[in-house]
Amino acid sequence: MKRSEFRSDRSSASFSGNMRAGLMAGAAMVALAAPAAAEGQLVLLVWEGYADDSIVKPFEEQTGCRVDPIYVGSNDEIVSKVMSGGGAADLISPSNDTAMRLVDAGVIAPVDPAKVPSMADFMPQFQNPEWLMKDGQLYGVPYGWGLIRIIADADKVPADTDSLGFLWDPAYKGQISVWDDIETLYMAARYLGFENTYDLTDEQLEAVKAKLIEMKPNIRKYWFTTGEMGTLMSGGEVVGGSSWEPTLVELWAAGKNVIDVKAKEGRGGYSDSWMIVKGAEENECIYPWLEYVSTPAAQALAHKVTGFGFPNSKMSAELDEDTRATYERLGMSDSEALTNIDWWQPAKRRTKYLEIWNQVKAAAQ
Amino acid sequence: MLLWLLPPVAWFSVFILVPYAMLFWYSLGHTEDMHFVPGFSLANFARVFTDEPYLGVILKSARIGLTTAILSAIVAWPLAFVIAFHTRSASVKFALYLLVIVPWWASYLVKAYAWKTILGTNGILNATLQGLGFTDEPVRLFLYNEFSVVLTLTYIFTPFAVLSIYAQLERIPTSLIEAAKNLGAGGWEIFWRIVLPISVPGIIAGGIITFSLAFGDFVAPVLVGGSDSVMISNIVINLLGVAFDWPMAAAIGLVIITLGLGLISLTGWLEEKTKVRL
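Taken in order, these protein sequences are the chains called A and B. Quick note on the working numbering: the first sequence kicks off at 1 and runs consecutively. Quick note on the working numbering: the second sequence kicks off at 1001 and runs consecutively.
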């Protein structure tokens, strides 16, 4: 339950996210009152779940550093808090659609990989990933990650489906649900074969819009929270669409025959990273924390809480048998199988993308 | 004297004047890479009226609000009438009154969500229809479209209409009805010529509330709406949270507030005109 709650509104805007933003303002003020850089204390601006007690407690006992998490509901919240300065946090955990934006804004300090030895065990994708590299320097330690899955009911959709094309198939009129988020716009761009997903031209955006409007007769509903897609699938409302991994895992656990479509057009991938807020470099608790959360044991704990993928290749060995089997079924432990992934990047013209997405939603069927 | 004025003036300034001034200030600027850049441009207002999808969505939201207001009034009137005139015992009256208000103690989300389980493909309604042999296959038209949005909004906001119509009907003295009867008026005539006209200001007052609440709603379209059920508040939330386009969101907000003020002035005038001295 927890994970579906907090995953729901990371980059899509939601009312709960906004309420959380309101609560957050209060929490941030408390954080400002106590200087973040105080020795022996770490202020984290993170997703709920990334600083769960089960993860934080062992670290506090080992190191004597106190961890004070501030939870955020969206990447924008992280950006606005960090940009406004004032030492609101020492470490943040933004996604790859936001990371470089912060680096470019000059508010992030680079990471010294030599001080995080466990990173050596990370899967190759997460060693110096593109979304964290600038001028040969690494600006974050990869953490939770996952793919936007395209799923389909095996009883209604051919099991050998390997393309996004079925989402437009008139056979599934009113039986598809995709995420109410600009990721769906990215998805249509991938289907149209545009390789510059995050920097589309006006003509390409128009083509994407037309393609998404073409999909509307098939759309039963644009889902909004993670749990929703699971309900739509198990309630017989839809036969397929996009989903987060926890939804797919839930459906499998409920014994549903659901295919994880490995679309040849590519899949969207998110990856969160721990980033050091400029000015907090001297905090002595930073590197102990970065190393701690990079270890297989800590990442296994985090997987238990969040259900996300984690970069340490030895992490899955720490999981119990069932959890590991599911993790392997998702193809998350095998770095060689993780190909054709269109990792998120900051969309150059986010406002424009969003306007197009709103136009699609407002368009009559 | 001045001391008495202090709380209302302070309240008015802090919660009305300053926020609206800020809203206006934001609406004249623009954002660059997530930073607000102040300015004196009306471009955002022009975008509301010329760029898709803003004006279209505002009009659609208004349509949904109006439908909700009308349906709420139709549902609420007979109920208010029964509570006002056909409930003799005071305790039954109180119980009915309470039953109208009680759903408000439950969370809005839970109530909206409940409609999913009623209207869904495998929902209660479809199960019943199939069980009774009316249909062979589940009817998919009940949920995830404008119908389910309006139905949910009507269900949720009807209590407001009931309360304001009831308040108006309560004011009709029984002596008035008795006098009409003595003068030979029949049941229908009393209804058409006395009770209904007197209730009009209550219908209008309830209508303003239900219209405003439904117009600005963003939960129902998300929970029970379909592929084109986006409403203006959803767009504003998106602009604030995802696009970080606060100036545009502020401009939309001001356009809606202006439309709202116009509407309230109009209905206020109507209410005044339809008022009957008792």
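Glycine included, every Cβ here is placed at the ideal spot set by N, Cα and C.
Proximity test, Cβ basis, 9 angstroms: residue i and chain B
| i | result |
| --- | --- |
| A/Glu336 | no |
| A/Ala89 | no |
| A/Gln359 | yes |
| A/Arg3 | The predicted position of A/Arg3 is uncertain, since its pLDDT is 34 and thus under 50; no value can be drawn from it. |
| A/Asp52 | no |
| A/Met83 | yes |
| A/Leu32 | Bear in mind that the predicted position of A/Leu32 carries a pLDDT of just 40, short of 50, making it too unreliable to give a figure here. |
| A/Val72 | no |
| A/Ile219 | yes |
| A/Gln345 | no |
| A/Val79 | yes |
| A/Gln365 | yes |
| A/Arg350 | yes |
| A/Tyr222 | yes |
| A/Arg101 | yes |
| A/Thr231 | yes |
| A/Asp76 | yes |
| A/Gly240 | no |
| A/Ala152 | no |
| A/Ile108 | no |
| A/Gly227 | no |
| A/Lys134 | no |
Alpha-carbon spacing of residue i relative to residue j, whole angstroms
| i | j | result |
| --- | --- | --- |
| A/Ser74 | B/Ser1091 | 50 angstroms |
| B/Ala1043 | B/Met1248 | 9 angstroms |
| A/Glu250 | A/Lys221 | 20 angstroms |
| A/Val238 | B/Leu1023 | 41 angstroms |
| A/Ile276 | A/Gln299 | 19 angstroms |
| A/Val178 | B/Ala1095 | 45 angstroms |
| A/Ala21 | B/Ser1199 | Per-residue confidence for A/Ala21 stands at a pLDDT of 37, beneath the threshold of 50, marking its modelled position as unreliable; the derived number appears in the next sentence. If you take the alpha carbons of A/Ala21 and B/Ser1199, they lie about 43 angstroms apart. |
| A/Ile356 | A/Phe166 | 23 angstroms |
| A/Ala159 | A/Ser242 | 16 angstroms |
| B/Ala1243 | A/Gly193 | 25 angstroms |
| A/Lys293 | A/Lys115 | First, the residue type needs correcting, since residue 293 of chain A is Val and not Lys in the sequence shown. If I take the Cα positions, the gap works out to 13 angstroms. |
| B/Glu1178 | B/Ala1106 | 41 angstroms |
| A/Ala28 | A/Glu77 | Reliability fails at A/Ala28, whose pLDDT of 39 lies under 50, so the model's placement of it is uncertain and the value that follows must be treated cautiously. Between A/Ala28 and A/Glu77, the C-alpha separation is close to 11 angstroms. |
| A/Leu354 | A/Lys209 | 11 angstroms |
| A/Thr295 | A/Ala253 | 28 angstroms |
| B/Thr1135 | B/Leu1129 | 6 angstroms |
| A/Arg66 | A/Leu42 | 6 angstroms |
| B/Leu1125 | B/Leu1005 | 56 angstroms |
| A/Leu205 | A/Asn340 | 22 angstroms |
| A/Asn96 | B/Thr1050 | 34 angstroms |
| B/Val1149 | B/Lys1116 | 11 angstroms |
| A/Met315 | A/Gly331 | 14 angstroms |
| A/Pro117 | B/Pro1103 | 57 angstroms |
Given residue i as reference, the closest of the options once Cα atoms are compared
| i | options | result |
| --- | --- | --- |
| B/Ala1062 | B/Pro1173, B/Tyr1113, B/Gly1207, B/Lys1275 | B/Gly1207 |
| A/Thr372 | A/Val111, A/Phe308, A/Val82 | Examination of residue 372 of chain A is not possible in this model, given that chain A is present from 1 through 365 alone. |
| A/Ile219 | B/Lys1181, B/Asn1145, B/Gly1187, B/Trp1104 | B/Asn1145 |
| B/Phe1040 | B/Gly1029, B/Asn1238, B/Ala1046 | B/Gly1029 |
| B/Ile1235 | B/Ser1013, B/Lys1060, B/Pro1007, B/Leu1002 | B/Lys1060 |
| A/Pro246 | A/Arg267, A/Thr326, A/Tyr139 | A/Thr326 |
| B/Pro1019 | B/Val1037, B/Ser1265, B/Ala1250, B/Lys1275 | B/Ala1250 |
| A/Thr370 | A/Leu248, A/Val107, A/Leu212 | Summary: the structure shown does not reach residue 370 of chain A, with chain A confined to residues 1 through 365, and so no result is reported for it. |
| B/Tyr1097 | B/Leu1109, B/Val1110, B/Tyr1166, B/Thr1152 | B/Tyr1166 |
| A/Lys361 | B/Val1230, B/Val1100, B/Gly1253 | B/Val1230 |
Cutoff 9 angstroms: residue i Cβ touching any chain A Cβ
| i | result |
| --- | --- |
| B/Ser1227 | yes |
| B/Tyr1144 | yes |
| B/Phe1244 | yes |
| B/Asn1238 | yes |
| B/Thr1067 | no |
| B/Asp1051 | yes |
Terminal residues of the alpha helix (DSSP H) in which residue i lies
| i | result |
| --- | --- |
| A/Gln359 | 350-362 |
| A/Met100 | 99-104 |
| A/Trp252 | 245-253 |
| A/Arg190 | 182-191 |
| A/Trp343 | Element bounds for A/Trp343: not the alpha helix (DSSP H) but the beta strand (DSSP E), 341-343. |
| A/Gln299 | 296-306 |
| B/Pro1247 | 1246-1274 |
The beta strand (DSSP E) enclosing residue i, as first and last residue numbers
| i | result |
| --- | --- |
| A/Ile259 | 258-261 |
| A/Tyr270 | 267-277 |
| A/Leu44 | 41-47 |
| A/Gly144 | 141-147 |
| A/Pro69 | 66-72 |
Runs of alpha helix (DSSP H) wholly within the segment 1025-1109 of chain B (minimum 4 residues, chain order): 1043-1050, 1054-1085, 1090-1101
Secondary structure, alpha helix (DSSP H): runs of 4+ residues fully inside the segment 1168-1195 of chain B: 1174-1182, 1187-1190
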